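See below for the structure under consideration.
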Amino acid sequence: MITVNRRLARTLAEDFAGYCALQQLSVWETPAIFPVNEWFEREFARLDSDLVLLESSQVVAVWNRVIEEDLHRSGVDLLQVPATVRQAVRADTLCCDYLVDSYIPDGVEQEAFLRWRQCYEARCREQQWLDRTRLPEMIEQAVSDGRLIVDSGQIWLGFDDLTPLLHRIQQTLNSAGCTIENLAAARVNPVAFDAVAAADESEELLAAARWARQCLEQQVGIVAVVVPELERLQGEVQTIFSRELSRSAYPDRVPMDTFNMSLGYPLADQGMVAAALTLLQLQDSLDFDQLSYLLRCPWFAGGIDEWQQRALFERQLRADNVLRLSVSDLLYRLRHQPQAPRGMLHLVEQLQRWQGEHDKIAPADWVEHLNSFLQQIGWPGDASLDSRGYQVFAAWQDKVLTPVARLGVVSATMTPGQLVSWVCRLSREILFQPKAQDHRLQIIGLLETAGLTFDALWLCGAGEQVFPGGLSFNPFLPVALQKQSQMPHSDLFHEADYARLLLERLQHAAQQMVISYAQNKEERPCRCSPYLSQLPWQQCQETDGVDWNGVSLEAIDDCRAPSLSSAQLEEPLSGGTGLLKEQAQCPFKAFIHYRVGVRALDVPQPGLTSRRRGDLLHRVLQQVWQCLGSHAGLLDYDDTALRELIAEQVVAVLDGTRFAGHERALLAVEKQRLESLVLEWLDVERQREPFNVQSVEERQQLQVGPLRLNTIPDRIDMTADGRMIVLDYKTGQISVGDLVGEVLLEPQLPVYALHGVQGDVAAISFAQVRHGRCAFKGVSAEDEVLPGVRSVERSRGVKEGIANWTELIDHWRQHAQCTAQAVVDGDATVTPIHAKVCQFCDLKGLCRIDLQCVEEQHGEDKA
419 MITVNRRLAR
429 TLAEDFAGYC
439 ALQQLSVWET
449 PAIFPVNEWF
459 EREFARLDSD
469 LVLLESSQVV
479 AVWNRVIEED
489 LHRSGVDLLQ
499 VPATVRQAVR
509 ADTLCCDYLV
519 DSYIPDGVEQ
529 EAFLRWRQCY
539 EARCREQQWL
549 DRTRLPEMIE
559 QAVSDGRLIV
569 DSGQIWLGFD
579 DLTPLLHRIQ
589 QTLNSAGCTI
599 ENLAAARVNP
609 VAFDAVAAAD
619 ESEELLAAAR
629 WARQCLEQQV
639 GIVAVVVPEL
649 ERLQGEVQTI
659 FSRELSRSAY
669 PDRVPMDTFN
679 MSLGYPLADQ
689 GMVAAALTLL
699 QLQDSLDFDQ
709 LSYLLRCPWF
719 AGGIDEWQQR
729 ALFERQLRAD
739 NVLRLSVSDL
749 LYRLRHQPQA
759 PRGMLHLVEQ
769 LQRWQGEHDK
779 IAPADWVEHL
789 NSFLQQIGWP
799 GDASLDSRGY
809 QVFAAWQDKV
819 LTPVARLGVV
829 SATMTPGQLV
839 SWVCRLSREI
849 LFQPKAQDHR
859 LQIIGLLETA
869 GLTFDALWLC
879 GAGEQVFPGG
889 LSFNPFLPVA
899 LQKQSQMPHS
909 DLFHEADYAR
919 LLLERLQHAA
929 QQMVISYAQN
939 KEERPCRCSP
949 YLSQLPWQQC
959 QETDGVDWNG
969 VSLEAIDDCR
979 APSLSSAQLE
989 EPLSGGTGLL
999 KEQAQCPFKA
1009 FIHYRVGVRA
1019 LDVPQPGLTS
1029 RRRGDLLHRV
1039 LQQVWQCLGS
1049 HAGLLDYDDT
1059 ALRELIAEQV
1069 VAVLDGTRFA
1079 GHERALLAVE
1089 KQRLESLVLE
1099 WLDVERQREP
1109 FNVQSVEERQ
1119 QLQVGPLRLN
1129 TIPDRIDMTA
1139 DGRMIVLDYK
1149 TGQISVGDLV
1159 GEVLLEPQLP
1169 VYALHGVQGD
1179 VAAISFAQVR
1189 HGRCAFKGVS
1199 AEDEVLPGVR
1209 SVERSRGVKE
1219 GIANWTELID
1229 HWRQHAQCTA
1239 QAVVDGDATV
1249 TPIHAKVCQF
1259 CDLKGLCRID
1269 LQCVEEQHGE
1279 DKA
């Protein structure tokens, strides 16, 4: 028996084995059931020919060389040579299958293909190579010559449309005494038949998944879902079916994770293979994403055991704003990193040696060298491989490295770059599908249904764009030739006949049958196939088929964390006044950042980060005021001397700071920015009344209500009358309302004023240090304590009921104590004070406030 594909041959063999088991046979002869391509190879092995049968990768290599040589002679460059090779191989296959020996070309592309094909055939004859495209013709010739004796009879099953070549081979077999019977697929008369119209493809797939789950729960037998465009929808199909099947209350009846999908995923997408390919494609310079991937990858030695050291090393790279590192610089950092991950160090050392290889040697030698390299770096990781992992590893060895090694048949030597190119190419082209899948549910494409019957079948995508299919011409063959030969997707009448044939067969392939289509496909309206318009279409029903009655749900209030113990309150809490600020803005944010200690990692970015630039400015101002000491000290410097002082301090700060390579290139610009910005700010300070600087960046431990906090005020000044002014540098835009409004959103200055200053406080203010916008922004006991700073009575946005400085201080004290008590009580509600708090928050994925807002909006819409 000759079948159209492997799936049909495997199904028939399994059915035969099941039949023998029912007959209580313990041993039986293996039936002679072969996919058509395997049968040709089996017959070729019997011929004892001197020809070398090329594998697909070897065929591609020969075509690739032929095309590149022709392009070089013609002086033409192509951007996509691999894509051109694929189209040329496809055109050559069509010529063989449809018995096209020659044609009159219509353009330069077709003239080029004729040259390539002649050169390819001449090279194969010269080297005694035979590809699988020409293998059927050779078998036919051997049967015709009497060199190959075939069976007395064959049954061909599952061939909806024989190509001219296969038709001619059947005639030759018949002439040689082999009776050919083209057996049609078994016809089943449906007992239940439905036609469903869904709003879109997602709704259609979800309905099919629910139907499949219900069929499996009812144990109807083999269930199939046919998705004509499975390659395009594969990811969505996998997600929807996995989610829907996992909801079943009968896990013994429903294959939740092991259902059979005919189309696999590229081997290159499997974790261990993706890791190897990523490593092999690295250049001497690694960007941060590549560095981060290598550090977090579990597929190399130390990836699991060293995860803590590697995480700390990555955090350091992020903190240093490292965008790119050469392999040698990465080695230097690892060798001088305290508690460096030794496995990572070894990996980079081996990578450096591998990148130093430039020899041109035989493909088999390169494969041996590659295996040795991967083994030295501990690929595929420390953990033991599970069944799926072993299958991926075996596919890598058997379907990637072995074919690359065999390229030596058609290519004596190759460079390291060519080796990596071939390994990546094959890994992307080979589809991996784990074995031991559950066949109770099969999700398949149209071609895989040939010759098969099922107990229940759902045909998706029965729209006008699939039945009949659209036209698609091969650019290397004349359109008229493709139409005349009735090649696939070349003639509307042929496509229409083929669509009717498929639909007729599928409608009689199961006892329970559902046909569906999506009324909107890729944001465009779609109608059902014209060959199905007579069906009684029904709109898809929104029901999940699961009885949720009687299911008890437990509600957990997770808005309050454990209260701080007395022992915890005896020690200063981390975060300083930042803890109070975030508690006022959003309690959940404060809890996660300071109680749990979780923050998003820094993301390296080009240039100096805003935080780094702000830190540099703070340090320069700190050192400048430590030199000046007072308003009088500032006035003692003329413009030239002040510029020199500022320049000295800027240089000292920059020299004492560690910068990444890309940041160092900007230091000259940053030096100019700091000098001009500090000078501009000091011009504002000159306009003040006399003062002395009492403290600059001095650490303090303050008691705020029940909390003990470590704080560092930027600066505290004393006026001529002995009162204090508390200052905090800011490089961003500041609003005075954050200090005097209903909610104290900037508590650090009030806390310093209440608990960190000995004596009366005359004013608190932010020092807004921004080019062109340098100014004091705060509030004071009376006007003009600082330039531009108003008294409470004249300030805007003051909380209602506060009339003077004393009342404002009382408000600050009460608010600070309440906020501190909320921290102690464990208040962790997701209640941001306004939308701006969430705008740049790093915890959206944790608090899920966006989802909460969507649910609330949905509830309002339903209401």
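In terms of our numbering, the sequence shown is residues 419 to 1281.
Just so you know, even glycine gets a beta-carbon here, dropped at the ideal spot from N, CA and C.
Owing to the predicted nature of the structure, the values given are computational and were not obtained by experimental measurement.
The segment 1185-1221 contains, as complete beta strand (DSSP E) runs of 3+ residues, the segments 1193-1198 (chain order). Bounds of any beta strand (DSSP E) do not take in I1064; it lies within the alpha helix (DSSP H) bounded by D1057 to D1073. L601 sits exposed, since fewer than 16 C-beta atoms from the chains shown fall within 10 Å of its C-beta. Between the alpha carbons of S744 and Q701 lies a distance of about 9 angstroms.
For A898, the enclosing alpha helix (DSSP H) covers residues V897 to S903. The beta carbons of P906 and Y521 sit no closer together than 7 angstroms. When rounded, the separation of the alpha-carbon atoms in P980 and D1057 is 57 angstroms. Contact check between the segment 764-781 and the segment 798-818: fewer than three CB pairs, one atom from each, fall below 8 angstroms, which does not count as touching. Inclusion of P893 and E527 in the CB contact set at 7 angstroms is warranted, their separation being smaller than that value. The C-beta distance from V1071 to R1037 rounds to 5 angstroms, short enough to fall under 8 angstroms. Residue burial is scored here from C-beta neighbours: K999 has at least 16 other C-beta atoms within 10 angstroms and is therefore classed as buried. It is roughly 10 angstroms from the alpha-carbon of G996 to the alpha-carbon of H1011.
Contact annotation, V470 with V827: C-beta distance approximately 6 angstroms; criterion of less than 8 angstroms satisfied. DSSP places M690 in the helix class (H, G or I) of the three-state scheme.
Closest in alpha carbon position to F706, among A692, G682 and E732, is E732. Note that the C-beta distance between S680 and E866 is below 7 angstroms. The DSSP assignment places 703-705 as complete runs of the beta strand (DSSP E) inside the segment 679-738, in order along the chain (cut-off: 3 residues). Contact annotation, Y949 with A917: C-beta distance approximately 6 angstroms; criterion of less than 8 angstroms satisfied. Within the segment 654-680, the beta strand (DSSP E) runs of at least 3 residues that lie entirely inside it are, in chain order, 677-679.
Leaving aside the five residues that flank P1168 on each side, the residues in its chain whose CB is nearer than 6 angstroms to its CB run, in chain order, W1230.
Linking A830 to W534 through their CA atoms gives a straight-line distance of about 21 angstroms.
Around the beta carbon of P673, 16 or more other beta carbons sit within 10 angstroms, so the residue counts as buried. Assignment of beta strand (DSSP E) within the segment 815-896, counting only whole runs of 3 or more residues, yields 856-862 and 872-877 in chain order. For V1179, the three-state secondary structure derived from DSSP is strand. Judged by their CB atoms, I420 and V445 are not nearer to each other than the 7 angstroms cut-off. Three or more Cβ pairs drawn from the segment 1202-1212 and the segment 1178-1194 lie within less than 8 angstroms of each other, which places the two stretches in contact.
Between the alpha carbons of L837 and C715 lies a gap of roughly 23 angstroms. Under the DSSP assignment, I1227 falls in the alpha helix (DSSP H) whose first and last residues are W1223 to D1243. By the C-beta criterion, the segment 640-652 is judged to be in contact with the segment 856-871, since at least 3 inter-stretch pairs fall below 8 angstroms.
Taking a 10 Å sphere around the C-beta of F1258, we find fewer than 16 other C-beta atoms and assign the residue as exposed.
Contiguous alpha helix (DSSP H) elements confined to the segment 1096-1142 do not occur, taking only those with 4 or more residues.
Look at N600 here: in three-state DSSP terms it is strand.
In the pairwise beta carbon analysis, the segment 784-795 is classified as touching the segment 815-824: at least three pairs are separated by under 8 angstroms. Sixteen is the threshold: when 16 or more other Cβ atoms of the shown chains lie within 10 Å of the Cβ of F1184, as they do, the residue is buried. Per DSSP, A610 is one residue of the beta strand (DSSP E) stretching across A610 to A616. Where S1048 is concerned, there is no enclosing alpha helix (DSSP H), because DSSP gives it neither an H nor an E.
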